[in-house]
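These notes are about the structure you will find just below.
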């Protein structure tokens, strides 16, 4: 008997395609279904795949009586009632490093953009149609100090990249050992 899996929110086409090809899965694609209609589709589902658009709350769980597993296709589970899932024996899984590199790269892009006044320089050039170089020198990252609050998957990688720019790193995370920070030649 095929397992019923519902995809409640948009995920990568590649992932949906893998599920479509699986012979032991009956796939229900509900990413574009209004939430009130989604509830009616949950009755026989054993696995639900969500992102942040679908709240997995008591109402969701009441409709998904046969649910055994919830896969949160992303990092956060703030839209999932974890205690209620546990009470009902629903296993909750997420992908803790799903967006780590993207978040690190975006952070570094913002850091560089701010240091070099990129947005202001771009807007000035676009609107004034002239380049006044002396206005837009910005500052070098080398020798500057960066404070990193949270030294987990994202914070530690931002710190490593910022250090490559010659920055001094001050890191704080009450859940990470001081040695993890100092081993990377950074200060706590």
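In full-length UniProt numbering, the protein residues as written are 1 to 188. Note that the Cβ used here is the ideal one computed from N, Cα and C, for glycine as well. Since the model is a prediction, treat every value here as computed from it, not as a measurement.
Beta-carbon proximity of residue i to residue j, cut-off 8 Å
i, j, result
"residue 2", "residue 25", "yes"
"residue 171", "residue 159", "yes"
"residue 104", "residue 20", "no"
"residue 90", "residue 65", "no"
"residue 176", "residue 148", "no"
Residue i burial status per 10 Å Cβ neighbour count (16 or more: buried)
i, result
"residue 78", "exposed"
"residue 48", "buried"
"residue 145", "exposed"
"residue 155", "buried"
"residue 97", "exposed"
"residue 181", "buried"
"residue 186", "buried"
"residue 14", "exposed"
"residue 80", "buried"
Contact belief for residue i with residue j at Cβ below 8 Å, rounded distance in angstroms
i, j, result
"residue 85", "residue 50", "Not confirmed; about 12 Å, so no contact."
"residue 41", "residue 6", "6 Å"
"residue 167", "residue 184", "Not really, about 13 Å apart at Cβ, beyond 8 Å."
"residue 92", "residue 72", "7 Å"
"residue 55", "residue 4", "No, residue 55 and residue 4 are not in contact; Cβ-Cβ is about 20 Å, not under 8 Å."
Endpoints, beta strand (DSSP E) assigned at residue i
i, result
"residue 93", "91-94"
"residue 135", "Counting along the chain, residue 135 falls outside any beta strand (DSSP E), and DSSP gives it neither H nor E."
"residue 47", "47-50"
"residue 71", "69-72"
Those residues which DSSP pairs with residue i across a bridge
i, result
"residue 172", "149"
"residue 4", "26"
"residue 80", "56"
"residue 187", "170"
Residue i beta carbon near the ligand PLP (any heavy atom closer than 7 Å)
i, result
"residue 161", "With respect to the ligand PLP, the structure shown offers nothing to examine, as it has no ligands at all."
Residue i: first and last residue of the uninterrupted alpha helix (DSSP H) it sits in
i, result
"residue 120", "118-128"
"residue 99", "Segment: none, residue 99 is in no alpha helix (DSSP H) and carries neither H nor E."
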